[in-house]
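Just below is one structure, and these are the notes that go with it.
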Amino acid sequence: MTRTLVTGSAGRFGRSVVTALADAGHEVIGVDTAPGTPAEAAAVLPADLTDLGETFEVMSRFRPDAVVHLAAIATPFSRTDAFTYRVNTQLAFNVCEAATAAGVERIVIASSPTVIGYGTAAWAPAYLPIDEDHPVAPWNAYSLSKLVAEQVMATFARTSKAKLAAIRPCFVVAPEEWAGAPTQSGHTMAERLDQPEIAGVSLFNYIDARDASDLVLTLLERLPDLPNGEVFFAGAADALAREPLAELLPRINPATAGLAAGLTGSAPAFSSAKAGRLLGWQAKRSWRTEIGAA
């Protein structure tokens, strides 16, 4: 049995990851300072992973085979910039440092599509759909901290025996949020669909937390066969919009005019083709079916 340690196990993404791993036969260890880690976890330990000593103690106590690092200040501007940057970058370094020192074989860390730089009037995509080769241009402490976390991952991929990768999950939607619970932005999913300017800031990206968890599970299984230090976008196969992005995006973000024309039908602005090509993964859930089911 694979023992997998999940940081941020009580978060909207972490809860689904814990359940998916446990259902797949992993012995899951949750680490989170907040309550809410699913009962499927074999053990849960509150720990301050910004403290390197505590992080080493966690790895030493549980000796996991794999680590999924999700813990972070999860949204831009929810705390001061200095705090967000310090916490997120320190978490990424401490987890990679302690895990590799403890002999952990596989490490997956969560980054963010925000490293691309959307959300300002001056930003324009180099091309659409956006993939992992697109230039990065972080403009706030959160997106900068996530880019640094990717670089931390890449550094340990070059210098340790562990196999590492990063994922950039799109706007994560927990199962209960399809039924009307507030999302991480404070809006409901129905509001994000009814008021396109809300989801337009992030180019209408989203992913069901269960689909993103399936990617984590697949990635952990396939890491030994991949080049070390890969980065993957993880998004739904459609956009979070009732209109085609070819028509909608230029109205919300004029800088996408012309480029958006290639996004036919319900195609999203972010491509997960790399995960499909290297991992055989594709998101299964859509807002069209999930909202109706909820």
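The sequence shown: position 83 = 83 (full-length UniProt numbering), numbered continuously. Backbone N, C-alpha and C define an ideal beta-carbon position, used for all residues, glycine too. Everything numeric in this text was worked out from a predicted model, so none of it was measured.
Rounded C-alpha distance that separates residue i from residue j
i, j, result
"Phe233", "Ala126", "17 Å"
"Ser111", "Pro129", "19 Å"
"Val216", "Thr289", "23 Å"
"Gly200", "Arg15", "27 Å"
"Leu223", "Val104", "13 Å"
"Thr218", "Ala149", "21 Å"
"Leu240", "Thr183", "14 Å"
"Gly78", "Gln195", "Residue identity check: residue 78 is Ser in the sequence provided, not Gly. Taking the straight line from one Cα to the other gives about 22 Å."
Neighbourhood of residue i by C-beta distance below 6 Å, restricted to the same chain and skipping five residues each side
i, result
"Leu52", "Asn94"
"Ser143", "Thr114, Val115"
"Leu249", "Thr256, Ala260"
"Thr19", "Pro38, Glu40"
"Cys210", "Sequence inspection shows Arg at residue 210; the Cys mentioned does not correspond to that position. Cβ within range, chain order: Ser16."
"Met1", "Glu27"
"Asn140", "Pro76"
Per DSSP, the bridge partner or partners of residue i
i, result
"Leu45", "Val31"
"Pro169", "Ala234"
"His69", "Thr7, Ile109"
"Ile207", "Val172"
"Leu52", "The partner list for Leu52 (beta bridge, DSSP) is empty, contrary to what the question assumes."
"Phe270", "Ile130"
"Leu164", "Ile107"
Residue nearest to residue i in terms of C-alpha spacing, selected from the options
i, options, result
"Ala154", "Ala92, Val67, Met59", "Ala92"
"Ile167", "Pro250, Asp208, Gly119, Ala212", "Ala212"
"Val17", "Thr37, Thr33, Gly229, Met1", "Thr37"
"Ala99", "Phe56, Arg285, Leu219, Thr19", "Phe56"
"Ser60", "Val87, Arg210, Ala102", "Ala102"
"Gly30", "Ala24, Glu54, Leu278, His69", "His69"
"residue 330", "Ala273, Asn253, Asp208, Leu279", "Lying outside 1 to 294, the shown extent of the chain, residue 330 is not represented and no answer is given."
"Gly235", "Leu203, Thr159, Glu221", "Leu203"
"Glu221", "Glu54, Ala66, Ala42", "Ala66"
"Trp123", "Ile252, Ile109, Leu279", "Ile252"
Cut-off 7 Å between Cβ atoms - residues of its own chain near residue i, not counting five sequence neighbours on either side
i, result
"Cys96", "Ile107, Val152, Met153, Phe156"
Same chain only: Cβ atoms within 8 Å of residue i, ignoring 5 sequence neighbours per side
i, result
"Asp32", "Thr7, Gly8, Ser9, Ala10, Gly11, Gly14, Val44, Pro46, Ala71"
"Leu263", "Leu128, Pro129, Ala239, Pro244, Leu245, Ala246, Leu249, Ala269"
Problem set entry | Ranges of the beta strand (DSSP E) found wholly within the stretch 79 to 138, counting only runs of at least 3 | 106 to 110
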